[in-house]
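**Q**
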Amino acid sequence: MTKTILSTIFLSTILLTSLIATAGLQTANATTNLVVNGSFEEDPTSICPTWFVTLSAGSTFLNGWTIAGEDTIDWICTLWEASDGTKSIDLSGTPGKGIVSQDIPTEVGATYDVSFDMAGNPGFCGEPAVKFMKVSVASYENELSFDTTGKSNTDMGWESNTFSFVAESSTSTLSFESLTGTYCGPALDNVSVMESVPQDTTPPTVTVPTISPVEATSPDGATVDFVVTATDIEDGDVTPDCDKTSGDTFPVGTTTVTCSATDTAGNTSADSFFDVTVDLTYQGQKNQQITVLEDLTDTASKKTQKELEKAIKDITKSLDEKLWDSSTTLDAKYGHKVFDKEKSAVKDLLKIQKYNDSVDVSGVIDVLVNVDKQLAQDAINAATIFAGDDKVDKELEKAADEMNKAQEELDDDKPDKAIDKFKKAWKHAQKAIKHATK
Ligand SMILES: [Ca+2]
Ligand SMILES: [Ca+2]
Ligand SMILES: [Ca+2]
297 MTKTILSTIF LSTILLTSLI ATAGLQTANA TTNLVVNGSF EEDPTSICPT WFVTLSAGST
357 FLNGWTIAGE DTIDWICTLW EASDGTKSID LSGTPGKGIV SQDIPTEVGA TYDVSFDMAG
417 NPGFCGEPAV KFMKVSVASY ENELSFDTTG KSNTDMGWES NTFSFVAESS TSTLSFESLT
477 GTYCGPALDN VSVMESVPQD TTPPTVTVPT ISPVEATSPD GATVDFVVTA TDIEDGDVTP
537 DCDKTSGDTF PVGTTTVTCS ATDTAGNTSA DSFFDVTVDL TYQGQKNQQI TVLEDLTDTA
597 SKKTQKELEK AIKDITKSLD EKLWDSSTTL DAKYGHKVFD KEKSAVKDLL KIQKYNDSVD
657 VSGVIDVLVN VDKQLAQDAI NAATIFAGDD KVDKELEKAA DEMNKAQEEL DDDKPDKAID
717 KFKKAWKHAQ KAIKHATK
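When the letters of the sequence shown are read in order and numbered with the working numbering, they come out as residues 297 to 734.
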C-alpha cells in the first residue's frame with residue numbers, strides 16, 4: 297500500500313519541479329530569521345496535505361531550499377508531528393542520503409546563530425534506530441545523531457540544536473545532509489539563522505553633581521534641585537534611578553543621595569553618591585535652640601522653668617529684625633545688642649546648670665556661643681579685605697586679640713564672658729570696615 301502512494305507522490309513531484317518558487321529577499325537585522333521557509337510550512341499549491349511528498353534532487357519545489365546531491369528527501373506533511381507548525385523533513389528520502397541547502401545572505405566577518413530541531417524517522421526500516429546527519433555552513437561542519445528508540449509518529453522527541461558561525465562571504469550555504477542511506481533518516485524542522493547580537497555586559501556610567509551647601513529656608517530644610525545623568529555605550533542616554541528626586545526637600549544636615557542606572561540588557565551600575573548639605577542660618581540655629589528650651593520647660597522644676605523662660609525671652613530679643621541685616625549678618629549699628637542678649641540668655645542657662653537639675657542646657661549654650669563666634673569671625677573676614685591700611689590693620693589686630701581672649705574664657709568654662717569678647721572682636725571689625733569704606 298505504501299509503495300503505491302509513494303510512487304504516485306513521486307510522479308506528481310516530478311511534474312511540479314518545473315514550478316519556480318520565489319524566495320523573498322530578507323533584510324538582515326538582529327531579530328530576523330534569515331532562512332526562507334525555515335519550518336518547511338510553505339505550500340502554495342497545496343500538494344502537501346497527504347502523509348508526505350518525495351522531492352527529487354534538483355527540485356525547487358520546497359520554497360527557499362535546494363534539494364542538493366543525488367538522492368531524494370521526503371517532505372513530511374501529516375505522517376508525524378512536526379516540531380513547529382505541521383510539516384517537516386525526512387532527509388533520507390525514498391530512499392537515499394538527501395541533502396537540503398539554502399543560500400543565506402551574510403556579511404563577511406559577522407557572527408550568526410543557527411538553530412534547528414532534529415529527530416528521526418521512527419518508522420520500521422530494518423536498520424539501526426540511530427540516525428545520522430551532517431550540518432555545515434561556511435567553515436562550520438558537524439555530525440549529529442538521533443536515537444529513535446521508543447519514539448513514534450506522535451512522540452517524535454524533537455531536540456533543539458544551536459551553533460554559531462562566522463560568515464566568510466556575502467552568501468553562506470547552510471546545508472543538512474543525511475548520513476543514513478535508507479528510507480528512514482534524520483528528521484529536520486524549524487531552521488533559523490539570525491545575526492548574532494553582541495551581548496552587552498557593560499553597565500551605564502552615572503554622573504552625579506557636586507552640590508554646594510545651601511541654607512535652610514524653613515525648619516524642614518530646603519528644596520534642592522540637581523541633575524544626575526547616565527549613559528550607556530549601547531543604549532546611549534539612560535534614565536538614572538536615585539533615592540531622592542530633584543526638587544525634594546532636604547533636611548538640615550547632610551543627606552547622601554544614592555544613584556544607579558540599568559541598561560536594557562539588565563546591567564546595573566555600581567551605586568554613585570553625592571551629598572546635599574543644608575545649613576541652618578545663624579537665625580535658624582537660634583530659633584532651633586528656642587524650640588529645644590521650650591521642650592525642656594514641660595518637665596523642669598519651677599525655678600528652672602523661670603530661667604528657661606528668661607533665656608527664651610533673651611534669645612527672642614536677640615533675633616529682633618532691627619539687629620540684623622540678613623539671617624546671617626548683623627546690622628553694623630545695632631548688631632552688638634545681639635551679643636548682649638545672647639550673653640544674658642547664657643547667664644540664665646548657666647544658673648540652671650548650677651541647680652543640679654536633670655535639665656541639661658549645655659548643648660544650647662554651645663550652639664549660642666558658636667553662633668556668636670561665627671558672627672565675630674565673619675565680620676573679621678569681611679574687614680580683612682581692607683587689610684594693608686594702618687588703622688584697619690590695628691583694628692584687625694585688636695579683633696584677633698579679643699578672639700584669643702574669648703577662647704581663653706571658653707577654656708575657663710566662662711561662655712558668658714567669651715560672648716563679651718566676641719562682641720568686642722566684632723566691634724573692632726566694624727570699626728575697620730567703617731574706616732575703610734567711609
Ligand atoms: Ca515545520
Ligand atoms: Ca523517507
Ligand atoms: Ca550597557
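Even for Gly, the Cβ is constructed at its ideal location relative to N, Cα and C.
(1) Any idea which residues DSSP pairs residue 631 with across the strands?
(2) I need the DSSP call for residue 544, collapsed to helix, strand or coil.
(3) Please go through the same chain and pick out, in chain order, the residues whose beta-carbon is closer than 7 Å to the beta-carbon of residue 668, but skip the five residues on each side of it.
(4) Is the beta carbon of residue 381 within less than 7 Å of some heavy atom of ligand 1?
(5) Going along the chain, which residues of its own chain have a beta-carbon closer than 6 Å to the beta-carbon of residue 402, five neighbours each way excluded?
(6) Is the closest heavy atom of ligand 3 to the C-beta of residue 494 under 7 Å?
(7) Which residue's Cα is closest to the Cα of residue 735: 501, 533, 490?
(8) Once DSSP output is grouped into helix, strand and coil, what is the label at residue 324?
(9) With distances taken from each beta carbon to the nearest heavy atom of ligand 3, which residues come in below 7 Å, in chain order?
(10) Around the C-beta of residue 342, are 16 or more other C-beta atoms found within 10 angstroms, so that it is buried, or is it exposed?
(11) Confirm the yes/no value for this check: CB of residue 373, any heavy atom of ligand 2, distance under 7 Å.
(12) Between which two residues does the beta strand (DSSP E) containing residue 591 stretch?
(13) Buried or exposed for residue 686, please, with buried defined as at least 16 other CB atoms from any protein chain shown within 10 angstroms of its CB.
(14) Could you compute how far the alpha carbon of residue 536 sits from the alpha carbon of residue 563?
(15) Scan the region 606 to 693 and note each continuous alpha helix (DSSP H) run of 4 residues or more that stays entirely inside, going in chain order.
(16) So, helix, strand or coil for residue 391, using DSSP?
(17) Closest to residue 516 by C-alpha separation, out of 526, 547, 366, would be which residue?
(18) Going by Cα to Cα distance, which pick from 519, 528, 332, 510 is closest to residue 501?
**A** Taking the geometry as given:
(1) DSSP output for residue 631 lists no bridge partner at all.
(2) coil
(3) 635, 638, 715, 718
(4) yes
(5) 463, 468
(6) no
(7) Outside the displayed range of the chain (297 to 734) lies residue 735, so it cannot be described from this structure.
(8) The predicted model places residue 324 with a pLDDT of 37, which falls under 50 and marks its position as unreliable; any figure quoted below should be read in that light. The answer is coil: DSSP assigns residue 324 none of H, G, I, E or B.
(9) 496, 498, 499, 500, 528, 529, 530, 531, 559, 561, 563
(10) exposed
(11) no
(12) Per DSSP, residue 591 belongs to no beta strand (DSSP E); it is in the alpha helix (DSSP H), 578 to 593.
(13) exposed
(14) 13 Å
(15) 632 to 650, 658 to 680
(16) coil
(17) 547
(18) 528
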